[in-house]
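> Handing you a structure now.
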Amino acid sequence: MRLVIVGGFLGAGKTSLLQGLSRWWGEQGLSILVLENEAGQVGLDDRLLRDLSLEVRLLPGGCACCDLQGVLVDKLKQALDEDRWDLVLLEPSGVASLASLGQVLERYLPELGQGIVTAVVDASRYATMTRALPKLLADHLAASRQVVLSKADLVGGEEAERISGQLSLDAPHAHVWPADLREERAYHLAAKLAPRLMGRGVAPGFADEPASDGTHQAQSYAVNLPREGLSPQAAQDLVEGIITALAISGEQWLGHVKMWGENPQGKHVMISGTTPQDVTIRGDASAWLSGRAWLVVISHQPLPADLDGLVSGLLDQHAPGSSLEALRSAPTLLSLDGLGQS
Ligand SMILES: Nc1nc2c(ncn2[C@@H]2O[C@H](COP(=O)(O)OP(=O)(O)O)[C@@H](O)[C@H]2O)c(=O)[nH]1
Ligand SMILES: [Mg+2]
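Our numbering puts the first residue of the sequence shown at 461, with every later residue one more than the last.
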């Protein structure tokens, strides 16, 4: 059983890449298990991936590199015991230190090695990442031989080239792939990337020190929608509205807002984004959300104390007649201080 880890910051494009990789490897006949670690209390990416007929197991409400280490080890041991997976694809939370993950694997699952790591770096937020989260970015680069520079479409070819050049200087051991990961394009990249991931000599060293760039917060909500439901377009406006409201003046907000819902026929749709520019609709774009939907806000900056009021106000605007239930059952404050500090 091989373990492939798709790392990267909140909303960088890990799930998008994982969709492409799992489809590619699935077509090669590999039996694949996906472990999906979500910082939020409810899992949404796992629902998106299950729609692709993948076997997905969820590690919610924390980070696999620190607070959910034990859960991660249990899930991996279980997968080894089951003896039917060729490949485990792990998407750690967007706040995970890959160095910490490597240490956990080395210590508790030496038979898996440190895993094969690919990191996704978001071109559209690269400048902000270098300022706000330099250690986390360095941690992701140090761990990866293959680095996918996502959202190249949003910055343009020239800027993507410039960032690629910078990444190659910072991580000379890594091959950098400028990419647009939307829809089929992730699969086309996967066809080129996957053989490199499975090749020999894939595991570079991890950074010595787990990254520590401060704390992250997650808040999840159940949204009870009005009888007539909500169009995916209105949900997109709502997600964009939340992202815009969270932007702190002068500094780019760093986080990810996701909303997941289904229509009465059981078709699913997910709307998510990190900036007003990258909000996308995935799944069935014709499906109106109805009944109960789920909304998750994950943030590097502290979330405003009145987040519930802010989201409720935007919901009144974009989905009049809805009501909001904040889920508070799991810890909401996550720390990046990995093994080194605990
Ligand atoms: N324009 C654009 N959007 C992207 C790209 N990759 C991901 N996204 C969008 O960015 C958001 C976060 O992507 P996701 O794969 O969920 O990121 P994750 O949190 O790292 O798993 C989603 O709305 C994606 O559709 C890309 O290459 N270009
Ligand atoms: Mg994801």
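All C-beta atoms, glycine included, are put in the ideal place defined by N, C-alpha and C.
Is it true that the segment 684-700 meets the segment 513-532, where meeting means three or more beta-carbon pairs spaced less than 8 angstroms apart?
Short answer: they don't touch.
> Who does Tyr681 pair with in a DSSP beta bridge?
Paired residues: Leu755 and Ala786.
> Quick check: does the Cβ of Asp776 come within less than 7 angstroms of any heavy atom belonging to ligand 2?
Checking the Cβ of Asp776 against ligand 2 gives no.
> List the endpoints of the continuous alpha helix (DSSP H) containing Leu641.
Where Leu641 is concerned, there is no enclosing alpha helix (DSSP H), given that its DSSP letter is neither H nor E.
> What three-state label does DSSP hand His633 in the structure shown?
His633 falls in the coil class under three-state DSSP.
> Taking all protein chains shown into account, do 16 or more other C-beta atoms lie within 10 angstroms of the C-beta of Gly687, making it buried, or fewer, making it exposed?
Just to set this straight, residue 687 is Arg in the shown sequence, not Gly. The residue in question, Arg687, is exposed, as its Cβ has fewer than 16 Cβ neighbours within 10 Å.
> Nearest CA to the CA of Glu785: which residue from Met730, Ala682 and Val636?
Among Met730, Ala682 and Val636, the Cα nearest to that of Glu785 is on Ala682.
> Apply the 10 Å Cβ neighbour rule to Pro570 and answer buried if 16 or more other Cβ atoms are within range, or exposed otherwise.
Its Cβ having fewer than 16 others within 10 Å, Pro570 is exposed.
> Tell me whether Ser491 is buried or exposed, calling it buried when 16 or more other Cβ atoms sit within 10 Å of its Cβ.
Result: exposed.
> Can you name the residues that DSSP bridges to Asn497?
BP columns for Asn497 point to Leu519.
> Give the single residue among Leu481, Asp640 and Gly500 whose Cα lies nearest to the Cα of Gln677.
Taking only the C-alpha atoms, the option nearest Gln677 is Gly500.
> Thinking just about the alpha-carbon of each residue, which of Lys595, Val564 and Leu749 is nearest to the one in Ile731?
Nearest option by C-alpha distance: Leu749.
> What is the chain-ordered set of residues for which the beta carbon lies under 6 angstroms from any non-hydrogen atom of ligand 2?
The filter returns Lys474, Thr475, Asp505 and Glu551, in chain order.
> For my contact list, Ser610 and Gly473 are in at a C-beta cut-off of 8 angstroms; report their separation, rounded to the angstrom.
With 8 angstroms as the limit, Ser610 and Gly473 qualify as a contact, their Cβ atoms being about 4 angstroms apart.
> Report the CB separation of Ala705 from Val729 in whole angstroms; it is logged as a contact under 8 angstroms.
Incorrect: roughly 22 angstroms between the Cβ atoms, too far for contact.
> Cβ atoms of Ser476 and Cys526: under 8 angstroms apart, would you say?
Cβ atoms of Cys526 and Ser476: not closer than 8 angstroms.
> Just verifying my parser: in three-state terms, what is the DSSP assignment at Lys836?
Because residue 836 is not part of the residues shown, which for the chain are 461 to 802, the question remains open.
> Any heavy atom of ligand 1 closer than 7 angstroms to the CB of Val577?
Checking the Cβ of Val577 against ligand 1 gives no.
> Is the segment 638-657 in contact with the segment 477-488, if contact means three or more CB pairs nearer than 8 angstroms?
Cβ pair count under 8 angstroms is three or more, so yes.
> Counting pairs of Cβ atoms below 8 angstroms between the segment 579-589 and the segment 529-537, do you hit three or more?
No, the segment 579-589 is not in contact with the segment 529-537.
> Quick one: residues in its chain with C-beta nearer than 7 angstroms to the C-beta of Val502, no 5 flanking neighbours on either side, listed in chain order?
These residues qualify, in order along the chain: Pro520, Ser680, Trp754, Val756 and Leu787.
> Would the C-beta of Thr740 count as close to ligand 1, meaning under 7 angstroms from any of its heavy atoms?
For ligand 1, at least one heavy atom lies less than 7 angstroms from the Cβ of Thr740.
> Quick one: Cα of Ala602 to Cα of Val636, how far?
Approximately 13 angstroms, taken between the alpha carbons.
> Output needed for Ile741: all residues of its chain with C-beta closer than 7 angstroms, excluding positions within five of it in sequence on either side, in chain order.
Same-chain partners within the cutoff: Pro692, Gln696, Val729 and Ile731.
> With a 10 Å radius around its C-beta and 16 neighbouring C-beta atoms as the bar for buried, classify Glu487 as buried or exposed.
It is exposed - the Cβ of Glu487 has fewer than 16 other Cβ atoms within 10 Å.
> Among residues of its own chain, excluding the 5 on either side of Ile708, which ones have a beta-carbon nearer than 8 angstroms to its beta-carbon?
Around Ile708: Gln761.
> Could you tell me whether the Cβ of Ile708 comes closer than 8 angstroms to any Cβ of chain B?
The displayed structure is made up of one protein chain only, and chain B is not part of it.
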